[in-house]
Structures are given as structure tokens and as C-alpha cells.
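Count the sequence shown with the working numbering and you get residues 1 to 90, in order. Scroll down for the structure; my scribbles are underneath it.
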Amino acid sequence: MKIEIEYVAQVRSASGVSSEMLELPEGSTVMDALAGVATKHPGKLASMLFGDDGSASKSILLFRGDDQVESATPVNAGDRLTILSPLAGG
Numbered sequence: 001m002k003i004e005i006e007y008v009a010q011v012r013s014a015s016g017v018s019s020e021m022l023e024l025p026e027g028s029t030v031m032d033a034l035a036g037v038a039t040k041h042p043g044k045l046a047s048m049l050f051g052d053d054g055s056a057s058k059s060i061l062l063f064r065g066d067d068q069v070e071s072a073t074p075v076n077a078g079d080r081l082t083i084l085s086p087l088a089g090g
């Protein structure tokens with residue numbers, strides 16, 4: 001199945017693209033999508049997506065459509081997953 005990955009803010013800068021399609025097997029979760037993104041974009045983006053323990057980083061926000069989701073949330077064909085890193089102001 002294919003889902004759309006949308007990158008916002010610092011995550012967009014790290015990926016070098018604003019969005020792209022990602023192929024995943026049926027039954028995949030948001031965590032599987034993050035792993036697929038990290039494989040396509042090793043380095044800075046991959047390190048932004050995961051914590052030292054391999055779990056999804058607490059410094060990113062994940063949305064499926066307009067709803068904020070957790071890494072265990074299932075994804076479906078045609079979903080749009082938005083990954084963003086909130087900016088700290090000062």
C-alpha cells in the first residue's frame with residue numbers, strides 16, 4: 001500500500017523534500033512508516049525520528065490526516081502522515 005509522507009519545519013529541511021509517497025505492507029503502523037522514512041533518508045532525518053532506545057522521538061509530532069497519532073497507530077492505503085518538529089521560540 002502507498003501512503004503520503006508530509007514533512008514540516010525542521011523535518012522538511014532534514015529530508016530535503018516537502019512530501020513523498022512511501023510503499024508499506026498492509027497492516028503497517030506509523031512506526032513502520034517512520035522506519036521506512038529513516039531508510040530512505042539516513043543521517044540527520046533518521047536521527048530526528050528516533051530516540052536512543054529506538055522508539056519514536058518525543059521531539060516530533062505525528063498526524064494521520066488531521067488527527068495527532070502515536071507510533072503504534074495503524075496506517076491505511078492513501079493516508080497522509082505528517083511529521084513535524086515543533087520549533088522553540090525565544
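We treat Cβ as the ideally placed atom computed from N, Cα and C, and that holds for glycine. Keep in mind the model is a prediction, meaning the values are calculated, not measured.
Please state whether DSSP places residue i in a helix, a strand or coil.
| i | result |
| --- | --- |
| S18 | coil |
| K40 | helix |
| V69 | coil |
| L81 | strand |
What are the partner residues of residue i, as DSSP defines its beta bridges?
| i | result |
| --- | --- |
| T29 | P74 |
| K58 | Paired residues: none, contrary to the question. |
| A46 | Looking at the DSSP assignment, A46 forms no beta bridge with any residue, so it has no partner. |
| V8 | L84 |
Determine the contact status of residue i and residue j, defining contact as a CB-CB distance below 8 Å.
| i | j | result |
| --- | --- | --- |
| D32 | L24 | yes |
| E6 | T73 | no |
| A84 | A38 | Going by the sequence as given, residue 84 is Leu instead of Ala. Contact flag unset, no. |
| S28 | E4 | no |
| K2 | M21 | yes |
For residue i, count neighbouring C-beta atoms within 10 Å of its own C-beta (all shown protein chains included) and say buried if the count is 16 or more, exposed if not.
| i | result |
| --- | --- |
| V17 | exposed |
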